[in-house]
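When we follow our numbering, the leftmost residue of the sequence shown carries the number 9, and every step to the right adds one.
Input: a single structure, listed below in structure tokens.
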Amino acid sequence: MVRPIARVLVFPFAMAVLLVGIYTAAMHTPTPHHLKVAVAGSPAQTGPLSTSLRKALGDAYDVSTVTSTEQARQLVAHRAVAAAYVPAPTPGDRDAGTPGTTFAQPPRPSGPLLYIASGAGAAQVNLAALPFENVAVQQHQFLQVRDLVPLSADDTSDTSTMYAAIGLTLAGYLSAVMLSTVFGTALTRRRTVAALAAFGAVAALTVWLITGPILGAVHGFAPAILVTGWLTVMAVGLATVFLSRFCGRMTPLPAVGIFMFLAMPASGAALPIATMPAPIRALHDLLPMTSTTGSLRQIMYFDSDGIGPYWLALGLWAIAGLVLTLTYDALKTRRTSRTSHRNDTAAQPRQTAEPVPSP
Numbered sequence: 009m010v011r012p013i014a015r016v017l018v019f020p021f022a023m024a025v026l027l028v029g030i031y032t033a034a035m036h037t038p039t040p041h042h043l044k045v046a047v048a049g050s051p052a053q054t055g056p057l058s059t060s061l062r063k064a065l066g067d068a069y070d071v072s073t074v075t076s077t078e079q080a081r082q083l084v085a086h087r088a089v090a091a092a093y094v095p096a097p098t099p100g101d102r103d104a105g106t107p108g109t110t111f112a113q114p115p116r117p118s119g120p121l122l123y124i125a126s127g128a129g130a131a132q133v134n135l136a137a138l139p140f141e142n143v144a145v146q147q148h149q150f151l152q153v154r155d156l157v158p159l160s161a162d163d164t165s166d167t168s169t170m171y172a173a174i175g176l177t178l179a180g181y182l183s184a185v186m187l188s189t190v191f192g193t194a195l196t197r198r199r200t201v202a203a204l205a206a207f208g209a210v211a212a213l214t215v216w217l218i219t220g221p222i223l224g225a226v227h228g229f230a231p232a233i234l235v236t237g238w239l240t241v242m243a244v245g246l247a248t249v250f251l252s253r254f255c256g257r258m259t260p261l262p263a264v265g266i267f268m269f270l271a272m273p274a275s276g277a278a279l280p281i282a283t284m285p286a287p288i289r290a291l292h293d294l295l296p297m298t299s300t301t302g303s304l305r306q307i308m309y310f311d312s313d314g315i316g317p318y319w320l321a322l323g324l325w326a327i328a329g330l331v332l333t334l335t336y337d338a339l340k341t342r343r344t345s346r347t348s349h350r351n352d353t354a355a356q357p358r359q360t361a362e363p364v365p366s367p
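Here it is in structure tokens:
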């Protein structure tokens, strides 16, 4: 009786080990790797400063230079850089955006200026501002921070998109796991896809209702949010259906390992992706949660600009999961048919030639 009990408990043990191991390894010491920032101004102003910053910061930050503050604001607003530092701003430069709420503001701004976009990731902003705060302190100046894309007043923790993405991801792989566990091969592929599609619509609508109209945490163009939710459920669900062909009852283990334990840190939703270890950073553009959180963030803070690639990635996950499942089932059916035919042939009695009577 000990062995059956041990086999049953392997699953929760492996789940706990994966959760603690992956999350702790990925996020226990967040350190920036090539975090992009910019310095704006004339070459005489930006040249010496950017050179000293590159030497001091090494590979932690990628420091670029631009000649105009307008260009710097565009880079920040379009998420091309995490922050832009202006050593000698004009009065007009100081009016762009809103005061950075997480930074102390000088009563009479006269020193350097830093542009940020909290809507692109609040945790990233703090890391991006750190070297420039140090520069201002060394120069005995007070750094003024202007937020070009501030967080919503209903999402000051910048976690709403992450929790919505978690809910949609859970809906995707748990629905596929339950369908395969309860119905097994009795549920045809067509009905499985139809069930996931219908459930995806319900899950997307429910997540939107809770996070949007009810709590007010996630806002933006409702149809875009619903499409993002449905695509997420289909992407994760159909990929999990494919995994179930190999893993059977153990499908939840690889599904949660890939789509939650690896995808969460790789999405950059909890901590900036630039602070993750190299193996996690390599998964950033591959796993579905990146596209889900990215889509929701674009909808909330950037007028859905650049959402197309995220939707395309989710669609490709769904198509790949379906095609791979169809291919696997076809190959398995062909192999089973050949084996059955071979067995039937072997089971047939051999016919012996009848002796020819002698004349």
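Even for Gly, the Cβ is constructed at its ideal location relative to N, Cα and C.
These numbers come from a predicted model, not from an experiment.
In this structure, the beta-carbon distance from A130 to D162 does not fall below 8 Å. Beta-carbon to beta-carbon, A34 and M284 are separated by about 6 Å, close enough to satisfy the 8 Å threshold. If you ignore the 5 residues before and after Q53, its C-beta comes within less than 7 Å of the C-beta of P95 and A96, all in its own chain and listed in chain order.
The three-state secondary structure of P38, taken from DSSP, is coil. The beta carbon of L151 is closer than 7 Å to those of G119, P120, L122, F140, E141 and A144 in its chain, skipping five residues each way along the sequence. Exclusion of the five residues before and after R62 leaves V71 as the residues of its chain whose Cβ lies within less than 7 Å of its Cβ. Distances from the CA of Y31 to each of A278, L138 and V84 were compared; the closest alpha carbon is that of A278.
Assigned with DSSP and collapsed to three states, L195 falls in coil, not helix or strand. Ranked by Cα distance from A68, the first of S183, A137 and A271 is A137. Residue environment: S188 is assigned as buried (16 or more neighbouring CB atoms within 10 Å of its CB, all protein chains considered). If you ignore the 5 residues before and after W319, its C-beta comes within less than 8 Å of the C-beta of V235, T236, L239, S299 and S303, all in its own chain and listed in chain order. By the CB criterion at 8 Å, L295 and L270 fall inside the cutoff. Nearest Cα to L156 within the set T341, T335 and Y309: Y309. The beta carbon of A85 sits closer than 7 Å to those of A125, L156 and V157, all from its chain and outside the five residues before and after it, given in chain order. Of P273, Q146, L26 and L159, the smallest CA-CA separation from G108 is found for L159. Annotation: F111 to V153 spans about 7 Å, alpha carbon to alpha carbon.
Taken atom to atom, the span from the alpha-carbon of A211 to that of A203 is near 12 Å. In terms of Cβ geometry, A104 and Q79 do not form a close pair [threshold 8 Å]. DSSP places A96 outside both helix and strand once states are collapsed to three, so it counts as coil. By the Cβ neighbour-count rule, P260 is buried, with 16 or more other Cβ atoms within 10 Å of its own.
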